[in-house]
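**Student:**
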Ligand code: SAM
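Numbering (my numbering), first residue to last: 334 to 791.
#1: In angstroms with no decimal places, state the Cα-to-Cα distance between residue 686 and residue 335.
#2: Ends of the alpha helix (DSSP H) at residue 550?
#3: Going by other Cβ atoms of all chains shown within 10 Å of its Cβ, with 16 needed for buried, is residue 663 buried or exposed?
#4: Can you tell me whether residue 717 sits near the ligand SAM, meaning its C-beta is under 8 Å from at least one heavy atom of the ligand?
#5: So what does DSSP say about residue 449, is it helix, strand or coil?
#6: Heavy atom of the ligand SAM less than 8 Å from the Cβ of residue 513, yes or no?
#7: Please work out which residues of its chain come closer than 7 Å, Cβ to Cβ, to residue 669, disregarding the five sequence neighbours upstream and downstream, and give them in chain order.
#8: Alpha carbon to alpha carbon, how far is residue 350 from residue 781? Give it in angstroms, no decimals.
#9: If you compare alpha carbons, which of 356, 448, 705 and 423 is closest to residue 770?
#10: Which residues does DSSP pair with residue 617 in a beta bridge?
#11: For residue 495 and residue 545, which I take to be in contact (beta-carbon distance under 8 Å), what is that distance rounded to the nearest angstrom?
#12: Any heavy atom of the ligand SAM closer than 8 Å to the Cβ of residue 491?
#13: Taking residue 711 as the reference, give the member of 747, 691, 678 and 473 with the closest Cα.
#14: Got a sec: is the Cβ-Cβ distance from residue 700 to anything in chain B below 9 Å?
#15: Nearer than 8 Å: is that true of the beta carbon of residue 449 relative to any heavy atom of the ligand SAM?
#16: Less than 9 Å between the beta carbons of residue 427 and residue 447, yes or no?
#17: May I ask you to check if the CB of residue 323 is nearer than 8 Å to at least one heavy atom of the ligand SAM?
#18: Let me know the secondary structure DSSP gives residue 653 once reduced to three states.
#19: Three or more C-beta pairs under 8 Å: does that hold for the stretch 583 to 598 against the stretch 395 to 414?
#20: Could you check what DSSP says for residue 637 in three-state terms: helix, strand or coil?
#21: Helix, strand or coil: how does DSSP classify residue 460 here?
#22: My assumption, with CB atoms under 8 Å, is that residue 784 sits in contact with residue 745. Please give the rounded CB distance.
#23: For residue 415, does the count of other Cβ atoms within 10 angstroms reach 16, so buried, or fall short, so exposed?
#24: What is the residue span of the alpha helix (DSSP H) that residue 479 lies within?
#25: Name the DSSP bridge partner or partners of residue 734?
#26: Can you find at least 3 beta carbon pairs, one from the stretch 449 to 469 and one from the stretch 643 to 658, that sit closer than 8 Å?
#27: Using the Cβ count rule (16 or more neighbours within 10 Å means buried), how would you classify residue 537?
#28: Residues in the same chain with beta-carbon distance under 7 Å from residue 534, minus the five sequence neighbours each way, listed in chain order, please.
#29: Which of helix, strand or coil does DSSP assign to residue 564?
#30: Short check: CB of residue 716 to CB of residue 765, under 9 Å?
#31: Flag residue 424 as yes when its Cβ comes closer than 8 Å to any non-hydrogen atom of the ligand SAM, and as no otherwise.
#32: Just to confirm the assignment, what range does the alpha helix (DSSP H) spanning residue 691 have?
#33: Is any heavy atom of the ligand SAM found at a distance shorter than 8 Å from the C-beta of residue 472?
#34: Among residues of its own chain, excluding the 5 on either side of residue 736, which ones have a beta-carbon nearer than 8 Å to its beta-carbon?
#35: Going by CA-CA distance only, name the one from 564, 440 and 490 that's closest to residue 548.
#36: So is the beta-carbon of residue 521 under 8 Å away from any non-hydrogen atom of the ligand SAM?
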């Protein structure tokens with residue numbers, strides 16, 4: 334499908350004939366493929382990069398790599414183990430805008446399917462918390478699956494209108510709005526984006542972005558950072574959205590420290606008031622079309638932290654015996670809090686456990702921390718999410734290291750060779766990366782990989 338005619342006319346008018354034509358030609362080219370490694374559990378990174386055919390690093394993201402060509406990710410067990418995330422390179426730039434995010438409380442307001450959420454989760458670390466919100470129920474489930482697989486344990490996934498998050502006033506050190514947009518930057522990767530594009534949709538998206546930014550601003554604490562991004566080129570949804578925000582937020586918007594960038598990266602840097610802006614054009618930078626901006630909320634801006642009144646109790650206390658059993662399954666139990674939620678036992682990194690509890694009392698939280706399982710007769714029956722947790726203590730159960738082919742059978746929920754397993758519960762690993770649990774009872778193996786995640790492709 335050809336690029337929309339009105340879009341082509343606009344870029345030729347705004348960028349000039351030569352540059353406009355270069356952009357349109359790039360949009361008809363082949364997109365680069367890139368991944369971002371999961372430092373908490375990628376195992377031997379060199380081997381993994383070699384297996385993926387990594388060609389060169391993404392210059393603006395420490396864990397980002399371009400691949401020489403697109404592998405079949407579906408048939409790579411490391412992909413299913415959450416050892417890396419397939420993420421377009423330009424989007425990885427938001428990590429730089431977050432600054433020193435370790436220990437911070439980050440709100441990712443438009444989060445599914447979770448590319449940026451998993452990046453923020455790695456940056457926030459065990460002392461930090463990422464609240465990843467997605468308005469669309471179905472997409473929120475995909476987000477939750479990806480978060481569980483990433484295995485950092487420091488994310489809470491919510492499914493709400495942005496306003497519900499705005500009501501957590503001045504709660505967050507960083508608020509990221511990766512706004513729903515007209516998707517012009519995706520014209521190379523996704524023909525559907527060309528089909529759905531219209532001038533009218535640009536206007537609708539711009540109006541929606543204005544509403545989302547108002548809520549984002551309420552949730553941000555004075556001194557905190559706002560990161561705004563889209564995957565579109567038009568001014569109305571990019572600089573225009575920031576200009577409209579400046580008209581109501583005024584002096585409350587202050588400059589954020591500038592991340593160091595290099596001219597050779599091909600990013601077009603600019604300013605809109607106190608916002609620093611970054612444009613990624615596919616004919617200049619190696620990635621898809623992307624726009625990002627960052628600013629701070631002035632430290633003396635209005636805004637005291639406010640939490641809506643709790644409407645329910647969610648975390649139930651657990652007894653000492655259950656806590657002792659859970660402690661056996663994690664590497665640093667003293668740095669975790671355990672509680673039960675709707676009959677399942679969970680663990681959270683202690684630093685933010687109270688924040689997650691408060692959040693759960695006012696918002697619909699789909700998943701948070703690590704779902705660990707249920708204790709029967711003193712023994713844990715683990716949830717699949719526990720296998721993905723980077724801090725799982727592998728001394729808690731036998732580890733069955735299987736071949737790549739056996740791993741793929743496991744991921745299809747196929748039959749498994751009993752000889753590969755010890756009697757009872759096993760952690761199924763391949764190249765040291767955990768995929769899930771299976772139970773051997775004599776010559777029978779119960780494959781416990783979740784049906785919803787299984788590989789369907791043959
Ligand atoms: N940040 C995601 C990532 O990196 O994987 C991509 C987010 S995508 C660009 C924008 C998301 O905003 C979509 O998942 C969409 O469902 C959601 N969305 C749509 N309308 C919304 C609204 N009115 N308020 C908040 N989010 C909305």
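In this text, a Cβ means the ideal position worked out from N, Cα and C, and glycines have one as well.
**Tutor:** Let's see:
#1: Looking at the two C-alpha atoms, the distance is approximately 50 Å.
#2: 532 to 552
#3: buried
#4: Flag unset: Cβ of residue 717 not near the ligand SAM.
#5: Correct three-state label for residue 449: helix.
#6: yes
#7: Hits under 7 Å: 663, 680, 681, 682 and 683.
#8: Whole-angstrom Cα-Cα distance: 58 Å.
#9: Taking only the C-alpha atoms, the option nearest residue 770 is 705.
#10: Partner(s): none; residue 617 has no beta bridge.
#11: 5 Å
#12: no
#13: 678
#14: Looking for chain B here will not work: only one protein chain is present.
#15: yes
#16: Their beta carbons are not under 9 Å apart, which means residue 427 does not touch residue 447 by this criterion.
#17: Absent from the structure is residue 323, since the part of the chain shown begins at 334 and ends at 791.
#18: helix
#19: Output reads no: the stretch 395 to 414 does not touch the stretch 583 to 598.
#20: coil
#21: Three-state DSSP puts residue 460 in coil, outside helix and strand.
#22: Actually they do not touch by this definition, with Cβ atoms about 11 Å apart.
#23: buried
#24: 470 to 483
#25: 762
#26: no
#27: Residue 537 is exposed by the Cβ-count criterion.
#28: 515
#29: coil
#30: no
#31: yes
#32: Here the alpha helix (DSSP H) through residue 691 covers 683 to 695.
#33: yes
#34: 763
#35: 440
#36: At a cut-off of 8 Å, the beta-carbon of residue 521 does not count as near the ligand SAM: no heavy atom of the ligand is closer than that.
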